[in-house]
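See below for the structure under consideration.
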Amino acid sequence: MNEKKRTKVYVIDDSLTFRAMMDTLVGQDDDLEICGMAADAETALEDIDWLQPDIILLDQTLPDMDSLEFLDALKQHWQGSRVVMIALAGADGMHACQMALDKGVVACFDKSRLIRNSREFITLMDEIRGGEIHPDWHAGKAVTLGGSAA
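FYI, the numbering for the sequence shown is -2 to 147, going by the working numbering.
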């Protein structure tokens, strides 16, 4: 029997609680699998180099490296992943999100709305996996999309 390839998701967040929450949330979709997790950028870059995930969920703030620096370093290691930044709401989060989108992140998801909008999060993951994001499905919600989202 030919088994369908699952989309590999890698999570980078210094919060153990958040990583566990992402494991549970992503685990609800049979087409997605967590292939690895890291609490810091250095570990993530090492892991990503050999795990080669399809999607990277990146926390806005990392303990050892700015998330924007991480995106630059990621381009030197691995370019095959679609990155979704998990950002905090507010002016700082929106500024970081816009800068990340300019660096090639496909979407930003409001961390404070992740539980309440978990279905939208999974829909976004499915859209990224399928290669086509539908901006009209996310307008005014927990997602901020870049100009070339898919």
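Every residue, glycine too, gets a C-beta built ideally from N, C-alpha and C.
Exposure of residue i, with buried meaning 16 or more beta-carbon neighbours within 10 Å
{"i": "L13", "result": "exposed"}
{"i": "D28", "result": "exposed"}
{"i": "Q73", "result": "exposed"}
{"i": "P50", "result": "buried"}
{"i": "H135", "result": "buried"}
{"i": "E124", "result": "buried"}
{"i": "R16", "result": "buried"}
{"i": "A146", "result": "For A146, the predicted structure reports a pLDDT of 44, less than 50, and the residue's modelled location is therefore unreliable. A value from the coordinates is still provided. Buried: at least 16 other Cβ atoms inside 10 Å."}
{"i": "Q57", "result": "buried"}
{"i": "G90", "result": "buried"}
Limits of the alpha helix (DSSP H) - the one that residue i falls within
{"i": "E129", "result": "Taken as a continuous stretch (DSSP letters only), E129 belongs to no alpha helix (DSSP H), as it is neither H nor E."}
{"i": "R79", "result": "Looking at the DSSP string, R79 is not in any alpha helix (DSSP H); the run it does join, the beta strand (DSSP E), is R79 to A84."}
{"i": "L65", "result": "S64 to H74"}
{"i": "L13", "result": "L13 to V23"}
Boundaries of the beta strand (DSSP E) in which residue i is found, first to last residue
{"i": "V8", "result": "T4 to I9"}
{"i": "D107", "result": "A104 to D107"}
{"i": "M34", "result": "L29 to A35"}
heavy atom of the ligand NAP below 7 Å from residue i C-beta
{"i": "V8", "result": "By its list of ligands, the structure shown contains no ligand whatsoever, and the ligand NAP lies outside what it can speak to."}
Anticipated Cβ contact below 8 Å, residue i with residue j, distance rounded
{"i": "V140", "j": "L121", "result": "6 Å"}
{"i": "I119", "j": "D26", "result": "5 Å"}
{"i": "K100", "j": "L48", "result": "Between L48 and K100 the Cβ distance is about 21 Å, and since that is not below 8 Å, they are no contact."}
For residue i, three-class secondary structure by DSSP
{"i": "D51", "result": "coil"}
{"i": "L142", "result": "strand"}
{"i": "A147", "result": "Here A147 scores only 42 on pLDDT, less than 50, and its place in the model should not be relied on; the value that follows carries that caveat. DSSP places A147 in coil when its eight states are reduced to three."}
{"i": "D56", "result": "strand"}
Looking at C-beta atoms only, is the number of pairs between the stretch 26 to 42 and the stretch -1 to 10 that lie closer than 8 Å three or more? yes
Give a yes or no on contact between the stretch 72 to 81 and the stretch 92 to 108, applying the rule of three or more CB pairs nearer than 8 Å. By the Cβ test, the stretch 72 to 81 is in contact with the stretch 92 to 108, since at least three Cβ pairs between them sit closer than 8 Å.
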